[in-house]
Amino acid sequence: MSIESGAELQRDQAGRLRHLLTLEGLTRDELQHLLDLAQFYVRVPGELPARDQSLWGRTVANLFFEPSTRTRVSFELAAKRLGADVVNLDMQSSSRVKGETVLDTIYTLQAMLVDVFVMRDAEPGLPAYVSAHVAPHVSVLNAGEAHLSHPTQGLLDVLTIRQRKGEVRNLSVAIVGDIRHSRVARSTSRALLTLGVGELRLVSPASLAPEPGELEGARRHHSLAEGVAGADVVMALRIQRERMADADTVDPETFYREWGVTAENLRGARPDAIVMHPGPMNRGVEITSEVADGAQSAIRQQVTNGVAVRMAVLATIVRNVQERNVEAGRRAG
Ligand code: NCD
């Protein structure tokens, strides 16, 4: 199995996407289709949200074993705006603590006719494991898996870039900060590379660079000035201490001085460059407030796009499962 687990497991026998475990293995066309559908669902603040009944009668369960605000709420809103029932389980305080295995929880919810599980976990492998055990009409969506993969974040980042800067083929994108521990960096990079990004730069201290051999096609930089020079997009990432064994070795003030995205070092990028951040932000560490709230910031737009992308993924997965059910019914009858 590839490092981003699940690429082989997320399709049904006919090759349709049944789960979304990783962006690894998705074709350029599949990515474009999801992005186009997401664009169809985008509404900006001040407009009424897009709504339809693609998930009418379905039930979506959010199972988050790690904290989340944006991702969990946006999956919930996305499912509701498509007409689904949604249940949110606070997994940080429930099943594992009581000793019930995750699979028992899944089977319990499946017995209550849950159709889609949205899962986030600090350990690698849980979404793929669950996807291998659920009933054939049930789907699993990865909402963040350890440091490995966060597919809907990758999609919303690329959608934001496409809206603001056009085709990624013509762009130079710099991802700056703690890349080693970032599932966002991995999924966003995967999407950009599949879509043929002009240039992808992973900009970090050597200690926070990805493992050797990861993300081939990206160029690594160990100087911020060099890494952002002439870039069209600069994406800042926070230091992910919760995934570090020796968290104390990164001092926030030193990090800010050397790697913080400030108005001053942003001047090295293109004058029309945009700045992104997946959140949560540590203002004054990896990014200054001046930049985060400034004219070049696309950070709020990323959040808006998060709902649209999750609507597109939910609608696509549920339609694919429906198609599979129709075929299975035809064969049986
Ligand atoms: C990210 C995550 O959880 O991976 N947040 C998010 O989903 N928007 C990034 C992070 O935690 O730093």
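All the letters of the sequence shown, read from the start, carry residue numbers 7 to 339 under my numbering. The C-beta atom is built at its ideal place from N, Cα and C for all residues, glycine as well. Bear in mind the structure is a predicted one, so any value in this text is a computation, not a measurement.
Reduced DSSP category for residue i - H, G, I as helix; E, B as strand; rest coil
i       : result
Pro-157 : helix
Thr-28  : coil
Arg-126 : strand
Glu-151 : strand
Leu-132 : helix
Val-203 : coil
Ala-338 : helix
Arg-186 : coil
Arg-17  : strand
Leu-221 : coil
Met-7   : Reliability of the predicted coordinates at Met-7 is poor, the pLDDT of 37 falling under 50, and no value is obtained from them.
Leu-208 : strand
Leu-23  : strand
Val-146 : strand
Ala-180 : strand
Thr-322 : helix
Leu-119 : coil
His-39  : helix
Ala-314 : helix
Glu-173 : coil
Thr-166 : helix
Glu-3   : Examination of residue 3 is not possible in this model, given that the chain is present from 7 through 339 alone.
Val-140 : coil
Ala-215 : coil
Thr-1   : The question about residue 1 has no answer, for the chain in this structure spans 7 to 339.
Cα-Cα separation, residue i to residue j
i       : j       : result
Val-108 : Met-317 : 26 Å
Gln-169 : Gly-339 : 46 Å
Ala-231 : Asp-278 : 17 Å
Asp-110 : Gly-274 : 53 Å
Arg-192 : Gly-63  : 34 Å
Ser-60  : Ala-314 : 13 Å
Ile-167 : Val-174 : 7 Å
Val-146 : Gln-38  : 21 Å
Ala-269 : Glu-296 : 7 Å
Leu-69  : Ser-137 : 14 Å
Ile-9   : Leu-32  : Reliability of the predicted coordinates at Ile-9 is poor, the pLDDT of 40 falling under 50, and no value is obtained from them.
Val-144 : Val-120 : 8 Å
Gln-19  : Arg-330 : 9 Å
Leu-41  : Leu-162 : 8 Å
Thr-114 : Gly-131 : 20 Å
Pro-258 : Gly-300 : 22 Å
Thr-260 : Leu-243 : 15 Å
Pro-211 : Ile-112 : 40 Å
Arg-87  : Arg-49  : 12 Å
Arg-17  : Arg-337 : 19 Å
Glu-36  : Ala-224 : 22 Å
His-139 : Arg-247 : 32 Å
Gln-328 : Val-92  : 19 Å
Lys-171 : Arg-276 : 12 Å
Ser-303 : Leu-272 : 11 Å
Asp-96  : Glu-129 : 17 Å
Pro-218 : Gly-52  : 46 Å
Arg-78  : Gln-307 : 17 Å
Asn-176 : Val-256 : 35 Å
Val-264 : Phe-46  : As written in the sequence, residue 264 is Glu, which differs from the Val given in the question. The alpha-carbon atoms of Glu-264 and Phe-46 are separated by roughly 40 Å.
Leu-43  : Gly-266 : 35 Å
Val-332 : Gln-98  : 37 Å
Arg-289 : Tyr-262 : 10 Å
Gln-116 : Gly-21  : 24 Å
Arg-226 : Thr-194 : 15 Å
CB of residue i within 9 Å of CB of residue j, strictly
i       : j       : result
Met-118 : Val-182 : no
Gly-285 : Arg-76  : yes
Val-209 : Val-122 : no
Asn-239 : Ile-293 : Reading the sequence as shown, one finds Val at residue 239 and not Asn. No, the pair does not count as a contact, with Cβ atoms beyond the cut-off.
Ser-74  : Val-309 : no
Leu-206 : Val-179 : yes
Thr-158 : Arg-34  : no
Ile-323 : Leu-26  : yes
Arg-57  : Gly-12  : no
Val-234 : Leu-198 : no
Rounded Cβ spacing between residue i and residue j (contact assumed at less than 8 Å)
i       : j       : result
Asp-127 : Glu-72  : 6 Å
Arg-196 : Gly-160 : 6 Å
Arg-189 : His-153 : 5 Å
Met-282 : Ala-298 : Their Cβ separation, rounded to whole angstroms, is 10 Å, which puts Met-282 and Ala-298 out of contact at 8 Å.
Leu-320 : Ala-85  : 6 Å
Asn-311 : Leu-23  : With 8 Å as the limit, Asn-311 and Leu-23 do not qualify as a contact, their Cβ atoms being about 20 Å apart.
Val-203 : Ile-245 : So it is not a contact: roughly 25 Å between Cβ atoms.
His-156 : Arg-249 : Actually they are not in contact, since the Cβ atoms of His-156 and Arg-249 sit about 13 Å apart, beyond 8 Å.
Met-125 : Asn-94  : Their Cβ separation, rounded to whole angstroms, is 12 Å, which puts Met-125 and Asn-94 out of contact at 8 Å.
Ala-134 : Leu-15  : 5 Å
Asp-252 : Leu-214 : That pair is no contact at about 12 Å.
C-beta neighbour in chain C for residue i, strict 9 Å
i      : result
Gly-12 : Included in the structure is just one protein chain, with no chain C present.
Within the segment 224-303, ranges of the alpha helix (DSSP H) (whole runs, at least 4 residues): 230-234, 258-265, 269-272 and 295-298
Uninterrupted beta strand (DSSP E) stretches inside the segment 42-97 (no shorter than 3 residues): 65-70 and 91-96
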